[in-house]
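Residue numbers (this note's numbering), protein chains in the order written: chain Z, 1149 to 1704; chain W, 4 to 121.
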Amino acid sequence: MICYWYSEPLYFFYAPDNPELLYYSHLTSVFLALIVGSFVFLNGRHRLENKLLFAISLCYSAWIFINLFMWTHIHSDTLLFMWSFYGILQGLISIFSIYFIYAFIYKKDVTFTVKLVFLALLAPIFVFAPSNLHLSGFNLAWCDAFQFEGEIYKNYYTFLGLVAMGWILTLLVKGYKIADSALKKQLILMGVGIELFLFSFFTILFIATELAEMGVYSDSRLEYYGLFGMTIFMVMMGILIVRFKSFSVALLAPEALTFALLALVASQYTYVDTKTGVVLTSITLALTALAGTILIRSVRKEVAQRKELEILTGKLEKANKRLKVLDKLKSEFVSIASHQLRSPLTSIRGYASMLLEGSYGKLNADVQDAIERIAESSRMMALSVEDYLNVSRIQAGNMKYEYSDFNLPDTVSHIVDDIRRDAIKKGLVLSFKSDLSAKGVVHADKGKTMQILHNLINNSIKYTPKGTITVFAHDSKKLIQIDVVDTGIGMSPETIETVFGKFERAKNANEVNVTGTGLGLYVAQKMAREMGGDIQAFSDGEGKGSTFRFTLPLQM
Amino acid sequence: MNFKKKILTYTIIPLIIFTAAVSYYRFVVISDFMVSYEGECDPEIESCFVDCADDECSEEYYYTEITRHHNEIESLCGEDITDCEAANSCQESEECEILYCDPETDEDACEEINQDNL
């Protein structure tokens, strides 16, 4: 039988005499619920909380479908058949909400006993849904069944909503106590969203239907205010997804923004009633969709590039760590090997020296020459071993410095005097000049400072085939600078950049000197920096000589 | 083990199907439910409910509330009870009730019997 005061609906769901806000409230909330629910489900089907959120959105959408059917259709038999699902869907929404919150907080399934409790709570709703306890008749004049709804049944499923609110609140409070700060923020958003949804959905629906049954209102139109709770809930879900990457969904903010804008623009169709309005809304919708698509594509591209970069950075970081480990192993090996070499070298050098001094009798010229070569080679080897050991000490942070005040120009002068013999042997002129305005006292490790100066001057002798080497002391403000200037093989700009690296030698170094570990300048610079100074290299290019500047702070 | 884990799915889905089938059978197939509608009422001889015929309430109309089994009234009037005389009385009916307005409980909704006209 049909409701005799109403006409058949147009386009299945449209009845001209229905309030406009009815479509706005129903369609907006169901659109959001389906979009968010489906998106979450499709992005993480294996996750329980994703499935449950989808189940809630499906139940809610089914409820909306039935409700719109009620508002527009007029056949009493089909209306009653649909009406019988109200209680079932509201009961399922209550239980799924509790289940969802539990899975969201604890990331695990509820126990079998809790599932049995859920079933026990739902059982009466299912069993009595088609019975007179739920529905006994239909009012053809008002086209509803409010006056034939069983109070006990209706109160029970509304009460189940209240039970869900209380149960969820307890779960949220318990979860909040054990959660970390990030999860706490998520629980607040989630709690506000779902509690508002359940409260508005169950209480406003109950009040609206009660008022309709009492005859205060001719229909239950107040119920659509209860549906805005779902919109708030879905907005909270959107924030959780975008801000906290909840539900393992990598939704981008532009995607959410585009969906929200489309929903907002599309919702205008529910109340625009002029042709111009419909056309303008359609154009706005198309433009929003186009702009949104472009925005999403470009952001996705950027995100993909960023992810790729993150992967590469991760790999690089891993490789770097591995290299550091290998470097440490190598240093340890070098250190152990150097220590093992030093003891026999000391013996070789000692006995060679004693032989040369005649401790074992006078040597003929050939033997003398051979022993001199042994002494020189072992000296070079001892220097190399010392370099290796210094590198090991620097890397392990074991290099010890004994600081004292001493006059640097005097020290430099003595070193130049000591080394001059070697320079003369090679046909070079080694001189020392000073242009100091201060006394030139520094606070540093004297032994290390001498080692640095020896290294720099010996280097210049090694790489200067002919010409002069000038050691020049001068000061600038609070610094004393010792320049070792030679007319040697010089360096290219590329070599200057790398010459202080470990095992680095100038490309043209082998042309004049095949010996050398490539560690001397590395060790010297590290020691100078540790004492508050530095060493820098300058050259006008290959074949144009070099200048090495050793700087230390002056003791004022 | 799997049944315990998926007990909700294994019970809720069959319950929904079962409930839907029973509801469909009761409400659509055998139409076992009551319907209520507004029957004709003469305020001069009966205590009628009174209501507005339009939103502006420019005209009033009088009615009684009749509750009857769906199948019974359908067999008398078909799908639509508009202009069906048989719908206004409970003659030859087993499950039929006509509710008149009670001035004590329904107050302003009633148009009381005009004693002068009796």
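Ideal Cβ positions, reconstructed from N, Cα and C, are used throughout, including at glycine.
No experiment lies behind these values; they were computed from the predicted model shown.
Less than 7 Å separates the beta-carbon of W:Tyr-103 from that of W:Glu-49. Look at Z:Asn-1287 here: in three-state DSSP terms it is strand. Chain W has a Cβ within less than 7 Å of the Cβ of Z:Ala-1277. Taking a C-beta cut-off of 7 Å against chain W, none of the residues of the segment 1365–1383 of chain Z qualify. One Cα belongs to Z:Phe-1189, the other to Z:Met-1218, and the distance between them is close to 29 Å. When 7 Å is used as the limit between beta carbons, W:Asp-83 is near these residues of chain Z: Ile-1150 and Tyr-1152, in chain order. W:Glu-41 has a beta carbon lying within less than 7 Å of a beta carbon in chain Z. Within chain Z, not a single residue places a beta-carbon under 9 Å from that of W:Leu-79; the smallest gap is close to 11 Å. Annotation for Z:Arg-1527: no beta strand (DSSP E) segment contains it, though the alpha helix (DSSP H) segment containing it runs 1513–1544. Within its own chain, the residues whose Cβ lies closer than 7 Å to the Cβ of Z:Phe-1252, once the five positions on either side in sequence are excluded, are Glu-1197 and Met-1338, listed in chain order. When Cβ-Cβ separations below 7 Å define contact, W:Tyr-27 makes contact with chain Z.
For Z:Thr-1406 and Z:Gly-1440, the gap between their C-alpha atoms comes out near 5 Å.
Counting the other CB atoms within 10 Å of its CB gives Z:Lys-1449 a total below 16, which places it among the exposed residues. Residues Leu-1344, Phe-1345, Ser-1348 and Phe-1349 of the same chain have their beta carbon placed closer than 6 Å to that of Z:Gly-1377, with the five preceding and five following residues left out of the count. Nearest Cα to Z:Leu-1270 within the set Z:Lys-1510, Z:Phe-1307 and Z:Glu-1297: Z:Phe-1307.
In its chain, beyond the 5 residues on either side, Leu-1227, Leu-1228, Trp-1231, Leu-1283, Gly-1285, Phe-1286 and Asn-1287 have a beta carbon closer than 8 Å to the beta carbon of Z:Ala-1293.
For secondary structure counted as the beta strand (DSSP E) over 3 or more consecutive residues, the segment 1274–1354 of chain Z holds these complete runs in sequence order: 1285–1287.
Per DSSP, reduced to three states, the secondary structure at W:Thr-67 is strand. Contact annotation for Z:Leu-1228 against chain W: Phe-30 and Phe-36 [CB-CB distance below 7 Å, chain order]. Relative to W:Gly-42, the option among W:Arg-71, W:Lys-7, W:Ile-16 and W:Glu-62 whose CA is nearest is W:Arg-71. Cα atoms of Z:Glu-1371 and Z:Leu-1353: separation of roughly 5 Å, rounded to the nearest angstrom.
The continuous alpha helix (DSSP H) containing Z:Val-1390 extends over residues 1376–1392. Ile-10, Leu-11, Thr-14, Ile-15, Leu-18, Ile-19 and Phe-21: these are the residues of the segment 10–21 of chain W whose beta carbon lies less than 8 Å from some beta carbon of chain Z, given in chain order. Cβ neighbours of Z:Tyr-1172 within its own chain (closer than 7 Å, five residues either side excluded): Ser-1415, Thr-1418 and Tyr-1419.
Chain W has no Cβ within less than 7 Å of the Cβ of Z:Gly-1239.
Rounded to the nearest angstrom, the gap between the Cα atoms of Z:Ala-1411 and Z:Ala-1203 is 21 Å. For the 7 Å CB-CB criterion, Z:Ile-1519 and Z:Leu-1537 do not form a contact. If you look at Z:His-1602, you'll find it in the alpha helix (DSSP H) that goes 1594–1610. At a beta-carbon threshold of 8 Å, none of the residues of chain W lie near Z:Ala-1268; the nearest stands roughly 11 Å away. Remark: fewer than three beta-carbon pairs, one from each stretch, lie closer than 8 Å, so the segment 1171–1186 of chain Z and the segment 1315–1323 of chain Z are not flagged as touching.
Within the DSSP secondary-structure output, W:Cys-99 pairs in a beta bridge with W:Arg-71. For Z:Pro-1701, the secondary structure class from DSSP, reduced to helix, strand or coil, is strand. Look at Z:Gln-1684 here: in three-state DSSP terms it is strand.
Contact holds between the segment 1685–1695 of chain Z and the segment 1635–1643 of chain Z, because three or more Cβ pairs, one in each stretch, are under 8 Å apart.
Interface residue (Cβ-Cβ distance to chain W less than 7 Å): Z:Ser-1245 is not classified as such. Inclusion of Z:Gly-1192 and Z:Phe-1395 in the CB contact set at 7 Å is warranted, their separation being smaller than that value.
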